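These notes concern the structure reproduced below.
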Amino acid sequence: MIDGGRGPVRWMVTGAGGALGTDLVARLTAPGDEGAPPGDSLVAVTRAELDVTDAAAVRAAVHGWVGETAGAGRPVLVNAAAYTAVDRAETDPEAGAAAWAANAEAPGLLAAACAEVGATMVHVSTDYVLGPLPGGARRPLEPDDPVAPAGVYARSKLAGEQAVRAALPDAHHVVRTAWVYGATGANFVRTMARLARERDTVDVVDDQHGSPTWSADLAAGLVALARSSAPAGTRHAAGGGATTWCGLARAVFEELGADPARVRPCDTASFPRPAPRPAWSVLSDVSWRAAGLEPLPPWREALGTAVAHHPELLLG
Ligand SMILES: NC(=O)c1ccc[n+]([C@@H]2O[C@H](COP(=O)([O-])OP(=O)(O)OC[C@H]3O[C@@H](n4cnc5c(N)ncnc54)[C@H](OP(=O)(O)O)[C@@H]3O)[C@@H](O)[C@H]2O)c1
């Protein structure tokens, strides 16, 4: 069991400059009840500050973090660093190698360092590791459903999960999420907002189903998980409910006050991409609820909250 929910936490966030990393830092430094209670501390490192593929640097950073904050609460490292350019990883061997280093090997380096200093690790993974359900069934996916990663990114993320579990059998939280968009960086929501301005109609894939996830909600969920007394394990956390990319695009148009009928459904075959996408990525919240955690808000409501707090998302 992870000793959670009792006393202060000393946090470390890797990949702090990414979409999720930015929201984790915002969450942990927010004023009042939303943020970390007094007594918590935070070390947040961007890629420029810590390349998680550098074994010696990882070890030094993790030892330095725990050593410098000795006695100041349970150490929890949240790894938000990842190589996320899934199509480039598929087509460019150098990018594929970078994806393997960041997604498969680096989590193992971080987990080994956490094991040395007695830290818990929260590691973020993806729906891409999951395969189709037997018999073509369609129901929300559970953590113990079959894995069948298709593509370089997916395989690298599965290997990363496995490395974290192996190095920290009793002190890991692997959390698979899906369809993440944040206030920082490029994402589908921004792209649709831009296309709404540039084009009369937009064709968007309507045969891939998933759970859009506002990264601030995910960040809040990961912090709650790390604070809880949930046992080590693999869980799913994504926005509530499900839609298709076309459904999400139409919702973006609605938020813009544009006609959602300008988004026209198409199928995956008419919009080929180098990295295969899962057709069914709807993640169940049963494992999350079983840990006593509040499910993430429904995806449509979350999109409204996201654009209310970050209207710049709609600027494209
Ligand atoms: N976005 C999604 O739809 C989605 C879906 C499911 C799961 N996830 C997972 O969610 C997590 C967070 O993703 P995100 O959406 O926040 O992605 P993101 O915005 O691309 O952030 C990833 C961050 O990791 C950094 N990074 C890459 N290689 C690194 C290295 N070697 N050392 C240190 N930092 C490195 C990146 O820096 P640079 O930008 O400088 O490269 C970036 O700041 C990842 O584990 C991802 O696999 C994402």
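Using UniProt numbering, the first residue of the sequence shown is number 1, and each one after it goes up by one. C-beta atoms are modelled at their ideal positions from N, C-alpha and C, and glycine is treated no differently. A quick note: this is a predicted structure, and the numbers were derived from the prediction, not measured.
Whole-angstrom distance between Ser284 and Thr177, CA atom to CA atom: 10 angstroms
Could you tell me the alpha carbon to alpha carbon distance between Tyr153 and Pro93, rounded to whole angstroms? 12 angstroms
Cβ of Asp285 within 7 angstroms of any heavy atom in ligand 1? no
Environment of Leu296 [buried if 16+ CB atoms lie within 10 Å]: buried
What residues are listed by DSSP as bridge partners for Pro298? Gly240
Would you kindly check if the distance between the Cβ of Val147 and the Cβ of Gly131 is under 8 angstroms? yes
Note down the Cα distance separating Leu50 from Phe271, rounded to an integer number of angstroms. 37 angstroms
Alpha helix (DSSP H) segments (min. 4 residues) lying fully within the region 247-279: none
My assumption, with CB atoms under 8 angstroms, is that Arg227 sits in contact with Val45. Please give the rounded CB distance. With 8 angstroms as the limit, Arg227 and Val45 do not qualify as a contact, their Cβ atoms being about 21 angstroms apart.
Go ahead and pull the three-state DSSP assignment for Thr191. helix
Can you list the beta strand (DSSP E) stretches of 3 or more residues lying completely in the region 51-115, in chain order? 74-79
Helix, strand or coil at Pro134 according to DSSP, with G and I counted as helix: helix
Of all the options Thr126, Pro31, Pro212 and Arg262, which has the alpha carbon lying nearest to the alpha carbon of Arg300? Pro212
In terms of DSSP beta bridges, what is Tyr153 paired with? The partner list for Tyr153 (beta bridge, DSSP) is empty, contrary to what the question assumes.
CB contact flag (Trp245, Val204, <8 angstroms): yes
Looking at Thr14 and Ala80, is the spacing between their C-beta atoms short of 8 angstroms? yes
For Val173, name the three-state secondary structure that DSSP assigns. Checking the sequence shown, residue 173 turns out to be His, not Val. Strand.
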